[in-house]
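Written out below as structure tokens is the structure these notes cover.
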Amino acid sequence: MLLKNIQEWSLLLLIFGVIASFGNWIGYSIVPLSAIPGMIVLILICLAGLILQHVLPVNIPSVAYIGIIGILVSMPVMPGSEFVVKWTQDINILALATPILAYAGIAIGRSWTDFVKLGWRSIVVAMFVMVGTFLGSALIAELVLRMQGLI
Numbered sequence: 042m043l044l045k046n047i048q049e050w051s052l053l054l055l056i057f058g059v060i061a062s063f064g065n066w067i068g069y070s071i072v073p074l075s076a077i078p079g080m081i082v083l084i085l086i087c088l089a090g091l092i093l094q095h096v097l098p099v100n101i102p103s104v105a106y107i108g109i110i111g112i113l114v115s116m117p118v119m120p121g122s123e124f125v126v127k128w129t130q131d132i133n134i135l136a137l138a139t140p141i142l143a144y145a146g147i148a149i150g151r152s153w154t155d156f157v158k159l160g161w162r163s164i165v166v167a168m169f170v171m172v173g174t175f176l177g178s179a180l181i182a183e184l185v186l187r188m189q190g191l192i
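In terms of our numbering, the sequence shown opens at residue 42 and continues consecutively.
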């Protein structure tokens, strides 16, 4: 069962990696060939976190394991961390977020019946959360840029 999951995760992470590499190329002019080592490192970190979440008896989300592994392998005291940092510095975070958010949108779109069951109140709350997040981010950006004298 775990082997089948690992195969599925690997395929999904590979697809995300290819899409993110093209996003990195189109949006940030970083040739995919130069981003391949960093993308492989990120895929392996994600895969290790997913495996740990299923192997260890502690009920912690895989994203926590992925974050911990990522921090550990990039710490200056770890052997090889300079390579991890060098390889991953060519990958922009927004290039990674785009395919993940697209996948989340597709997943939500496939389960509209579950979303509708939440009722109209959840839609109103979601709208307020999105508007509040946008306005809060804009306000913080405005303040920081004014403090720096950029606007």
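Heads up, the beta-carbon is just placed ideally off N, CA and C, and yes, glycines get one too.
If you're wondering where the values come from, they're calculated on a predicted model, not measured in any experiment.
Just to confirm my understanding: we take residue i, look at its own chain, exclude 5 residues before and 5 after, and list those with CB closer than 8 Å. What are they?
i, result
"Ile110", "Ile86, Ala89, Gly90 and Leu93"
Thinking residue i and residue j are a contact (beta carbons under 8 Å), I'd like their distance in whole angstroms, please.
i, j, result
"Ile141", "Phe63", "Contact flag wrong, Cβ pair sits at about 14 Å."
"Leu43", "Ile84", "That pair is no contact at about 18 Å."
"Ala136", "Gly68", "6 Å"
"Val125", "Val82", "6 Å"
For residue i, which residues in the same chain have their Cβ closer than 7 Å to its Cβ, ignoring the five residues on either side in sequence?
i, result
"Ile107", "Ile86, Cys87 and Gly90"
"Thr129", "Gly79, Val82 and Leu83"
"Ile60", "Pro140"
Alpha carbon to alpha carbon, what distance is there between residue j and residue i?
i, j, result
"Lys158", "Pro102", "26 Å"
"Trp50", "Ala179", "36 Å"
"Ala138", "Ala76", "16 Å"
"Leu191", "Asn65", "27 Å"
"Ser163", "Met171", "12 Å"
"Val166", "Asn46", "35 Å"
"Met38", "Ala105", "With the chain covering 42 to 192 only, the question about residue 38 has no answer from this structure."
"Glu183", "Trp161", "33 Å"
"Thr154", "Thr174", "26 Å"
"Tyr144", "Pro98", "29 Å"
"Ile132", "Leu53", "18 Å"
"Gln48", "Val185", "45 Å"
"Gly121", "Lys127", "10 Å"
"Gly177", "Gln189", "18 Å"
"Met116", "Gly146", "34 Å"
"Gly70", "His95", "First, the residue type needs correcting, since residue 70 is Ser and not Gly in the sequence shown. About 37 Å."
"Arg187", "Asn100", "44 Å"
"Ile134", "Glu123", "19 Å"
"Ile112", "Ile181", "27 Å"
By Cβ distance below 6 Å, which residues in the same chain neighbour residue i in space, the five residues on each side in sequence not counted?
i, result
"Val114", "Val125"
"Pro73", "Ser62 and Trp66"
*Kindly provide the ranges of any alpha helix (DSSP H) runs that are 4 or more residues long and lie completely inside the stretch 67-146, ordered along the chain.*
73-96, 103-115 and 122-129
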